[in-house]
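J.: Using my numbering, the final residue of the sequence shown is 113, and nothing's skipped along the way.
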Amino acid sequence: MHVTGRRWFDRRHGNTYHSVTIMGPENSIVASADFAYGYGDQWMQTAHELLVEKGLVPGVERTKAIWQIFKEMEITYDVTDVGRKRDL
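#1: Taking the continuous alpha helix (DSSP H) assigned at methionine 69, which residues delimit it?
#2: Specify the secondary structure class of arginine 36 as computed by DSSP and reduced to three states.
#3: Starting from isoleucine 91, follow the beta strand (DSSP E) in both directions and report where the run begins and ends.
#4: With DSSP collapsed to three states, give me the class of arginine 31.
#5: Pick from Lys89, Asp103, Gln67, Arg32: whose alpha carbon is nearest that of isoleucine 47?
Structure representation (structure tokens):
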């Protein structure tokens, strides 16, 4: 699986938003979140929540960082900062 995150900073209001797309085998979309509030690595938290909801990863105690969970489960990921809201 591969997780793609996109972040957008709303300069007018000073908030950051993100979207997440999770691709499975054969480039099929497994889950996505189109517009969510959160800065920094919050997009990874959103992706993890989607994967848990779908039953694709076990719900785990928050003793591990999400990047560690992704690494152990061989889930690749990347994030891009975009300049426009419509690019989320």
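Positions of the beta carbon are idealized from the N, C-alpha and C atoms, including for glycine.
T.: According to the data block:
#1: 67–78
#2: coil
#3: It is not in any beta strand (DSSP E) - isoleucine 91 instead sits in the alpha helix (DSSP H) that spans 91–97.
#4: strand
#5: Asp103
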